[in-house]
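Written out below as structure tokens is the structure these notes cover.
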Amino acid sequence: MNDGLFARARELFPGGVNSPVRAFGAVGGTPRFVTRAEGAYVWDADGVKRIDYVSSWGAIILGHAVSEIVEAISSAAGRGTSYGAPTPGEIALAERIQAAMPSVERMRFTCSGTEAVMSAVRLARAHTGRSKILKFAGCYHGHADSLLTAAGSGVATMGLPGSAGVTADATRDTLVAPYNDLDSVSELFDRFGDQLAAVLLEPVAANMGLVLPKPGFLELLREQTSAHHALLVFDEVITGFRVAPGGAQERYDVTPDLTCLGKVIGGGLPVGAFGGRADIMALVAPEGPMYQAGTLSGNPLAMAAGEATLARLTDRDVFDRLEEQTTRLAAGLGEAIDAGPHAGRASVATIGSLLTLFWTPRPPTSFAEAQAGDGEAFASFFHAMLDRGVSLPPSPYEAWFVTLAHGAGEVDATLAAAREALA
Ligand code: HOZ
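Here this note's numbering = 1-based position in the sequence shown + 34.
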């Protein structure tokens, strides 16, 4: 059944998929078509049930098909799926975001993280009157032209330097520095500080595998951007509501000027948001001259799913529980590596409800270090886990996403599979 679906899908869609990260490009074999998901599990078209760590690439944090989310979406759908007019649901979700992330004084909803970041970059340029953006190698900010250079996620998985179709002009104003490299950042600020509209980054990088910021890195970016009157833009599409209720900015106590969100805030429906300082957001149309729009932005179904999700995430105990299971999983994976024939060849990075098993001796601190990982070992491990009932992101450059539905039983089952796979 699965193979037949893939054959048909390949006729209809490039690579048989509607987003490259879903193809098994880096691991070989046939992507599993999902027909159902519940809690921590997904079922494929052949009826095989697996523990899921893709979790819609992080959008699912409570677990799949959780009753209050299903009810929130059904109830909203019964009142109409889209109006092209403001709704109370937008306010309810925005207030929850603002309560968790005080730096987001005002915001605008979009339909994807890509749109959110693209709009934040435009806004930073509108605010500063400058053109240049500094991004970091291995960070992925969606597929806007100007940011498709040295990108992580699917671009890294495919080993591409950028994307065909992006003109040199589109990336002319995009500077790239190695993640965590304080000296390079200082040099770039010395040369281009007065031309920089913004420094844009994932404050915890999660699209080159999970790479944590070194102590002082985020603080240096805050100091340098303030000193040069450039904006600091955090892409918290993955880290928002994942590494702390208030995202990486809360966890590391570094406040950006603008923040981009997505994934969790939509509860599994298409949503993004950008927001931040009220004086900067006042530039967005119709209050200001920076144009940004969308027919389905603030869609009532997505607002309802997002609000119901964030309502479950107000309690710090929930984050403690998420992190406890994730930490136990990461520690168990580390022990399984150390006890097996691959000791010294693999490592585990973790924070909040995110983790990555790297095929590098130590967790990488940069894209270059992540790229030194053993891709063949990753592919073997991936398939060994899939055969043992565990669905991992099919790329070494992605994070595993733990949800509230991943309890001790799922963690134990994953570790048992990992011990076998690693042996
Ligand atoms: N940020 C996601 C992967 N790291 C994107 C998902 C996609 O491209 O489909």
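Each residue gets a CB set at the ideal place from its N, CA and C atoms; glycine is no exception.
As the structure is a prediction and not an experimental result, all values here were calculated from the model.
Helix, strand or coil, according to DSSP, for Gly296 in the structure here? Reading the sequence shown from its first residue, position 262 is the one you call residue 296. Here Gly296 sits in strand by DSSP.
Specify the secondary structure class of Thr148 as computed by DSSP and reduced to three states. Position 114 of the sequence shown, counted from the first residue, corresponds to residue 148. Correct three-state label for Thr148: helix.
What is the DSSP secondary structure of Ala211, counted as helix, strand or coil? The residue you call residue 211 lines up with position 177 of the sequence shown. Here Ala211 sits in strand by DSSP.
Please return the same chain residues whose Cβ sits closer than 6 Å to the Cβ of Pro427, not counting the five positions on each side in sequence. Counting from 1 along the sequence shown, the entry for residue 427 is found at position 393. Hits under 6 Å: Val88.
Taking 7 Å as the cut-off, is the beta-carbon of Ala318 closer than that to any non-hydrogen atom of ligand 1? Position 284 of the sequence shown, counted from the start, is the residue given in the question as residue 318. According to the sequence shown, residue 318 is Val rather than Ala. Flag unset: Cβ of Val318 not near ligand 1.
What do you reckon, is the C-beta of Val55 under 7 Å from a heavy atom of ligand 1? What you label residue 55 is simply residue 21 of the sequence shown in a count that begins at 1. Answer for Val55: yes, Cβ within range of ligand 1.
Helix, strand or coil at Ile125 [DSSP, three-state]: The residue you call residue 125 lines up with position 91 of the sequence shown. Ile125 falls in the helix class under three-state DSSP.
I need the DSSP call for Ile467, collapsed to helix, strand or coil. No answer is possible for residue 467: the residues shown for the chain start at 35 and end at 457.
N- and C-terminal bounds of the alpha helix (DSSP H) containing Ala442: In the sequence shown, residue 442 corresponds to position 408, counting from 1. Its alpha helix (DSSP H) spans residues 442 to 456.
Nearest CA to the CA of Ser400: which residue from Asp179, Ala439, Leu235? Stepping through the sequence shown from its first residue, residue 400 is reached at position 366. Checking every option, the nearest Cα to that of Ser400 belongs to Leu235.
DSSP on Trp91, reduced to helix/strand/coil? Counting from one through the sequence shown, the residue named residue 91 turns up at place 57. In this structure, Trp91 counts as helix in the three-state DSSP scheme.
Could you name the residues that DSSP lists as bridge partners for Trp434? Translated into positions along the sequence shown, residue 434 becomes position 400. Bridge partners of Trp434: Leu389.
Name the DSSP bridge partner or partners of Met141? Numbered from its first residue, the sequence shown carries residue 141 at position 107. BP columns for Met141 point to Gly309.
Counting along the chain, where does the alpha helix (DSSP H) carrying Val189 start and finish? Taking the sequence shown and counting its residues from 1, the one referred to as residue 189 is at position 155. Segment 187 to 191, the alpha helix (DSSP H) holding Val189.
Within the continuous beta strand (DSSP E) that includes Arg396, where are the two ends? As a working note, residue 396 is residue 362 in the sequence shown. Arg396 -> no beta strand (DSSP E), and no H or E assigned at all.
Just reading off the alpha helix (DSSP H) that Ala339 is part of, what are its end residues? What you label residue 339 is simply residue 305 of the sequence shown in a count that begins at 1. Unbroken alpha helix (DSSP H) run through Ala339: 334 to 345.
Determine contact between the stretch 337 to 345 and the stretch 103 to 123, defined as no fewer than three beta-carbon pairs at a distance below 8 Å. yes
Find out if the Cβ-Cβ distance for the pair Ala404, Gly172 is shorter than 8 Å. Here residue 404 is taken as the residue at index 370 of the sequence shown, counted from 1. Here residue 172 is taken as the residue at index 138 of the sequence shown, counted from 1. In contact: Ala404 and Gly172 (Cβ atoms closer than 8 Å).
I think Thr384 touches Thr360, with their Cβ atoms under 8 Å apart; what is that distance to the nearest whole Å? Within the sequence shown, residue 384 is the residue found at index 350, counting from 1. Within the sequence shown, residue 360 is the residue found at index 326, counting from 1. Indeed, because the Cβ distance is near 6 Å, the residues count as touching under 8 Å.
Ala198: buried (16+ other C-beta within 10 angstroms of its C-beta) or exposed? Numbered from 1 along the sequence shown, position 164 holds the residue referred to as residue 198. Exposed is the call here.
Mind checking whether Leu254 and Leu266 have CB atoms under 8 Å apart? Along the sequence shown, read from residue 1 onward, the residue named residue 254 stands at position 220. Along the sequence shown, read from residue 1 onward, the residue named residue 266 stands at position 232. No, the pair does not count as a contact, with Cβ atoms beyond the cut-off.
What span of residues does the alpha helix (DSSP H) with Phe251 cover, start to end? Working through the sequence shown from its first residue, we reach residue 251 at position 217. Where Phe251 is concerned, the enclosing alpha helix (DSSP H) stretches over 251 to 261.
Out of His417, Ile107, Lys166, Ala455, state which residue places its alpha-carbon closest to the alpha-carbon of Gly59. Mapped onto the sequence shown, residue 59 falls at position 25. The option with the nearest alpha carbon to Gly59 is His417.
Would you check if the stretch 71 to 80 and the stretch 36 to 43 touch, i.e. whether three or more CB-CB distances between them fall below 8 Å? yes
Could you tell me whether the Cβ atoms of Gly63 and Ala57 are closer together than 8 Å? Within the sequence shown, numbered from 1, the residue matching residue 63 stands at position 29. Within the sequence shown, numbered from 1, the residue matching residue 57 stands at position 23. No; because the gap between Cβ atoms is not below 8 Å, this pair is not in contact.
With 16 other CB atoms within 10 Å as the buried threshold, where does Ile371 fall? Residue 371 sits at position 337 when you count from the first residue of the sequence shown. With 16 or more Cβ atoms within 10 Å of its Cβ, Ile371 is classed as buried.
What is the rounded straight-line gap between the Cα of Ser146 and the Cα of Pro54? Translated into positions along the sequence shown, residue 146 becomes position 112. Translated into positions along the sequence shown, residue 54 becomes position 20. Their backbone Cα atoms lie some 16 Å apart in a straight line.
Between the alpha carbons of Thr289 and Gln283, how many angstroms are there, rounded? The count along the sequence shown starts at 1 and reaches residue 289 at position 255. The count along the sequence shown starts at 1 and reaches residue 283 at position 249. Taking the straight line from one Cα to the other gives about 6 Å.
Would you mind sorting Gly274 into buried or exposed? The rule is 16 or more other CB atoms within 10 Å of its CB. To locate residue 274, count along the sequence shown from 1; it is residue 240. Buried, by the Cβ-count rule.
Compare the C-alpha of Gly176 against each of Pro247, Leu344, Trp91 and name the closest. Within the sequence shown, the letter at position 142 stands for residue 176. The shortest C-alpha separation from Gly176 is found at Trp91.
With the cut-off set at 8 Å, would you say Pro212 and Phe170 are in Cβ contact? As a working note, residue 212 is residue 178 in the sequence shown. As a working note, residue 170 is residue 136 in the sequence shown. In this structure, Phe170 lies closer than 8 Å to Pro212 by Cβ.
Segment contact flag, the stretch 154 to 166 with the stretch 297 to 317, C-beta cutoff 8 Å, min 3 pairs: yes
Residues near Ala13 in its chain [Cβ-Cβ closer than 8 Å; skip 5 each side]: Outside the shown range of the chain (35 to 457) lies residue 13, about which nothing can therefore be said.
What is the DSSP secondary structure of Thr425, counted as helix, strand or coil? Residue numbering aside, residue 425 sits at position 391 when the sequence shown is read from its first letter. Per the sequence shown, residue 425 should be read as Ser rather than Thr. Three-state DSSP puts Ser425 in a strand.
Determine which residues share a DSSP beta bridge with Ala202 and list them. Your numbering for residue 202 matches position 168 in the sequence shown. Paired residues: none, contrary to the question.
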